[in-house]
Amino acid sequence: MNPHATPVLVLSLALGTTITISSNHWVLAWTGLEINTLAIIPLISKSHHPRAVEAATKYFLTQAAASALVLFSSMTNAWATGQWDITQLNHPTSCLLLTAAIAIKLGLVPFHFWFPEVWQGSPLMTALLLSTLMKFPPLTLLLMTSKSLNPALLTTMALASAALGGWMGLNQTQTRKILAFSSISHLGWIAIILVYNPKLALLTFYLYTIMTSAVFMALNKIKALNLSMILTSWTKTPVLNATLMLVLLSLAGLPPLTGFMPKWLIIQELTKQEMTPAAMAIAMLSLLSLFFYLRLAYHSTITLPPNSSNHMKQWYTSKPPSPPTAILASLSILQLPLSPMIHAIV
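For the sequence shown, the positions run -20 to -1, 1 to 326 when mature numbering (1 follows the signal peptide of the UniProt record, and there is no 0) is used.
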């Protein structure tokens, strides 16, 4: 790929995201989503590997179907109510269609099938964009229409996402697939609280973005695409591997790390809304995710005894992590003391 193309594509992603999150009209929001889709496809397929081309094709087809559903939902609502305003989504069929469309775009169960495969075929930094920046516009549309959505449907999809994300990640060995199922599981936490407390859903997404960015940047630094490569990376970057372990434990939601805060606040809010069974269910389902996070953390810090290995050992280097990685890792680990202030705002 031409070196000048990447900045143009990243700027297009920023433009599409800005258009969608700042628009009140359905057509403008749809335009921003389309700009995002067209800008990310070259970044997915830039390695020209058959798996990358397959991932780009799957991504295009699913996102095109979701965009068509978004447009159909908005047209149905405009036909029934005469309103093109995003916040005036009042028609029941339109609400159902929009929920399905955004679920496809985000990768919520049962529309998750494309998600791990696209991540597996993408470079690590493109997978980072798919897990953070590309989720923001559809999530914004859900937040803007949260008062019109069906709480029972979202709760069912959320619990199914938390269950499947944890269950399917158990036997994975590829880091990108593990993080894809981790993303599906976290989307369940966001979706279950979306109708009841949209600000808390947005806070959960922000903290997830920080923690996932730190993990992806660390994995990109050590070039770890599977668990066995993480096993042999401790000789090259021991400090980064130790930091990666803490960030993974934070992503799992263990106290006293940052990732515990959104889970704690969501369970508290669900209990206030008299949804104690749902709170218990999603808390228990998070134990599935905890297992594969612990496995990743174990692999990132274990030191192997002398034995035959399929991977060449890396030379030790004292080069420190990049400043963005260090800042994101610090935010991923140390924000729990801010919980009272954040709770007062939310």
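All C-beta atoms, glycine included, are put in the ideal place defined by N, C-alpha and C.
Values in this document were obtained by computation on a predicted structure and should not be read as measured data.
Roughly how many angstroms separate the alpha carbons of residue i and residue j, rounded to a whole number?
| i | j | result |
| --- | --- | --- |
| P303 | K157 | 26 Å |
| V50 | A181 | 21 Å |
| F271 | N16 | 34 Å |
| residue 339 | L86 | Residue 339 cannot be examined here, being either before or after the span of the chain that is shown, -20 to 326. |
| S193 | A60 | 42 Å |
| L183 | I173 | 11 Å |
| P236 | L318 | 12 Å |
| L316 | F52 | 42 Å |
| Q63 | H71 | 10 Å |
| residue 330 | P103 | No answer is possible for residue 330: the residues shown for the chain start at -20 and end at 326. |
| T212 | S280 | 9 Å |
| L41 | G239 | 33 Å |
| P257 | A143 | 15 Å |
| I259 | S165 | The sequence given here has Ala at residue 259, not Ile. Distance between the alpha carbons of A259 and S165 is about 14 Å. |
| L69 | M321 | 33 Å |
| M276 | W147 | The question names Met, but residue 276 is Leu in the sequence shown. The alpha-carbon atoms of L276 and W147 are separated by roughly 15 Å. |
| T125 | K243 | 23 Å |
| S312 | V195 | 10 Å |
| S47 | A81 | 7 Å |
| G149 | K179 | 28 Å |
| A171 | L139 | 9 Å |
| W10 | I84 | 14 Å |
| H323 | L220 | 31 Å |
| M105 | L122 | 26 Å |
| residue 327 | S310 | Absent from the structure is residue 327, since the part of the chain shown begins at -20 and ends at 326. |
| V227 | A58 | 45 Å |
| M225 | L13 | 35 Å |
| Y278 | L207 | 10 Å |
| N4 | P117 | 13 Å |
| A306 | T56 | 48 Å |
| I202 | T153 | 16 Å |
| G101 | L167 | 21 Å |
| M197 | L314 | 18 Å |
So if DSSP puts residue i in a beta bridge, which residue, or which two residues, is it bridged to?
| i | result |
| --- | --- |
| H5 | D65 |
| N206 | Q154 |
Taking the alpha helix (DSSP H) that residue i belongs to, which residues open and close that run?
| i | result |
| --- | --- |
| G101 | W94 to G101 |
| S302 | S302 -> no alpha helix (DSSP H), and no H or E assigned at all. |
| H323 | S319 to I325 |
| T136 | P131 to M148 |
| residue 334 | With the chain running from -20 to 326 in the structure shown, residue 334 is simply not present. |
| T106 | L104 to S111 |
Requested in this report: Scan the region 229 to 291 and note each continuous beta strand (DSSP E) run of 3 residues or more that stays entirely inside, going in chain order.
Outcome: With a minimum length of 3 residues, no continuous beta strand (DSSP E) run stays inside the region 229 to 291.
Requested in this report: Note down, one range per segment and in chain order, each alpha helix (DSSP H) of at least 4 residues found wholly within the region 22 to 93.
Outcome: 30 to 61 and 72 to 86
Query raised in the report: Does the region 133 to 151 touch the region 104 to 116, meaning 3 or more C-beta pairs lie closer than 8 Å?
Result: no
Query - Stretch-stretch touch, CB-based, cutoff 8 Å, three pairs: the region 259 to 276 with the region 225 to 245 - result: yes
Query raised in the report: Is the region 241 to 261 in contact with the region 207 to 221, if contact means three or more CB pairs nearer than 8 Å?
Result: no
Report task. Take every Cβ of the region -19 to -1, pair it with every Cβ of the region 16 to 31, and state whether three or more of those distances are shorter than 8 Å. Result -> yes
Report task. Decide yes or no for the touch test of the region 90 to 102 against the region 30 to 47: beta carbon pairs closer than 8 Å, at least 3 of them. Result -> yes
Query raised in the report: Going along the chain, which unbroken runs of the alpha helix (DSSP H) with 4 or more residues stay wholly within the region 155 to 179?
Result: 155 to 174
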